[in-house]
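Colleague: Chains as they are written, first to last, in the working numbering: chain A, 1 to 139; chain B, 140 to 278.
Positions of the beta carbon are idealized from the N, C-alpha and C atoms, including for glycine.
Here the structure is a predicted model, which means the values were calculated and not measured.
Mind looking over this structure? Questions follow.
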């Protein structure tokens with residue numbers, strides 16, 4: 001895949017209670033704002049919210065399965081958590097190429113949305129698969 | 140909990156194949172470098188690696204369960220993926236308070252290690268629980 005500035009890709013996922021429980025298990029992040037309806041109700045959000053890193057995982061999914069695609073290696077990611085994601089929300093993660101380094105590593109604007117609302121924004125730098133393969137051959 | 144610059148906390152987790160499969164399920168990130176032994180062997184890492192966001196989840200766990208602790212709300216996180224995490228590696232996530240804003244929101248240096256090797260570094264900003272409660276009362 002040849003990348004150009006302006007290229008974009010996205011994926012959607014509806015966040016379920018099961019996702020939150022699985023993410024809590026895999027991360028050991030059992031912060032009660034994610035796990036307990038009581039703690040969620042007492043929070044500023046008035047209900048349980050999903051882990052921010054769970055939605056961030058969708059950015060990783062777009063990068064690693066769509067653009068640049070399978071074999072992509074993560075270099076960096078910044079994340080600003082702008083709004084909560086609640087059970088039943090459908091999160092759309094979008095990545096857009098905003099720069100490409102001389103060695104071919106793209107910088108991407110990474111945004112997660114629930115409807116029209118931005119819930120996460122930030123930027124990623126990755127090594128796309130052809131470069132990763134070239135690095136392997138040079139090793 | 141009253142936070143002071145220099146305060147730190149950490150957690151450990153051994154990353155298993157089951158963790159990678161669960162993270163792939165919850166994130167939809169089925170990049171073959173995580174899922175396929177064949178793709179892992181063909182990569183620059185010579186074997187399957189864990190999702191970077193899986194180790195990043197341990198940072199969320201320290202913040203949300205230890206320091207600042209239960210009820211913490213994520214504002215931002217930067218992540219530089221410095222080295223791969225492989226199946227069987229034990230990742231230690233450490234957070235250290237490096238600044239505190241006038242309204243009491245800490246900035247933390249966030250680091251994940253495998254033994255002596257840094258695998259992720261970056262910084263987080265969070266709203267600690269007492270402030271979150273104060274915001275709720277003011278709402």
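Between residue 194 of chain B and residue 264 of chain B, is the Cβ-Cβ spacing less than 8 Å?
Modeller: Contact flag unset, no.
Colleague: Can you tell which of B:159, B:255, B:212, B:200 has its C-alpha closest to the C-alpha of residue 29 of chain A?
Modeller: Among B:159, B:255, B:212, B:200, the Cα nearest to that of residue 29 of chain A is on B:200.
Colleague: In chain A, what lies closer than 7 Å to residue 193 of chain B by C-beta?
Modeller: The contacting residues are 26.
Colleague: From B:254, B:221, B:232, pick the residue whose C-alpha is nearest to that of residue 247 of chain B; which is it?
Modeller: Closest by alpha carbon: B:232.
Colleague: Mapping the DSSP letters down to three states, classify residue 245 of chain B as helix, strand or coil.
Modeller: DSSP places residue 245 of chain B in strand when its eight states are reduced to three.
Colleague: Can you confirm whether the stretch 83 to 91 of chain A touches the stretch 11 to 26 of chain A when touching is taken to mean that 3 or more C-beta pairs between the two stretches lie within less than 8 Å?
Modeller: The answer is yes - the stretch 83 to 91 of chain A touches the stretch 11 to 26 of chain A, with three or more Cβ pairs under 8 Å.
Colleague: Compute the Euclidean distance between the alpha carbons of residue 254 of chain B and residue 218 of chain B, then round it to the nearest angstrom.
Modeller: Taking the straight line from one Cα to the other gives about 19 Å.
Colleague: Which of the residues in the stretch 73 to 96 of chain A, read from start to end, lie with their CB under 8 Å from any CB of chain B?
Modeller: Cβ contacts with chain B: 73, 74, 75, 76, 77, 78, 79, 80, 81.
Colleague: Which class does residue 220 of chain B belong to by DSSP, given the choice of helix, strand or coil?
Modeller: In this structure, residue 220 of chain B counts as strand in the three-state DSSP scheme.
Colleague: Any idea which residues DSSP pairs residue 96 of chain A with across the strands?
Modeller: Residue 96 of chain A pairs with A:8, A:109.
Colleague: Go ahead and label residue 145 of chain B buried or exposed: buried means 16 or more other beta carbons lie within 10 angstroms of its beta carbon, across all protein chains shown.
Modeller: So residue 145 of chain B ends up on the exposed side.
Colleague: Please specify which runs of the beta strand (DSSP E), each continuous and at least 3 residues long, are wholly inside the stretch 30 to 87 of chain A, giving them in chain order.
Modeller: Listed in chain order, they are 73 to 81.
Colleague: Return the CA-CA distance between residue 211 of chain B and residue 180 of chain B, expressed in angstroms with no decimal places.
Modeller: Taking the straight line from one Cα to the other gives about 39 Å.
Colleague: Quick check on this structure: which residue in A:98, A:103, A:51, A:25 has the alpha carbon closest to the alpha carbon of residue 91 of chain A?
Modeller: When only C-alpha atoms are compared, the closest one is A:51.
Colleague: Give me the Cα-Cα distance between residue 150 of chain B and residue 203 of chain B, rounded to the nearest whole angstrom.
Modeller: Answer to the nearest angstrom: the Cα atoms are 11 Å apart.
Colleague: Whole angstroms are fine: how far does the CA of residue 98 of chain A sit from the CA of residue 249 of chain B?
Modeller: Rounded to the nearest angstrom, the two C-alpha atoms are 27 Å apart.
Colleague: Whole angstroms are fine: how far does the CA of residue 160 of chain B sit from the CA of residue 208 of chain B?
Modeller: About 28 Å.
Colleague: Within the continuous alpha helix (DSSP H) that includes residue 158 of chain B, where are the two ends?
Modeller: Segment 156 to 166, the alpha helix (DSSP H) holding residue 158 of chain B.
Colleague: Do you know whose CA, among B:214, B:163, B:174, B:242, lies nearest residue 142 of chain B's CA?
Modeller: Closest by alpha carbon: B:242.
Colleague: Does residue 246 of chain B get closer than 8 Å to chain A when you measure Cβ to Cβ?
Modeller: Output row for residue 246 of chain B: interface = no.
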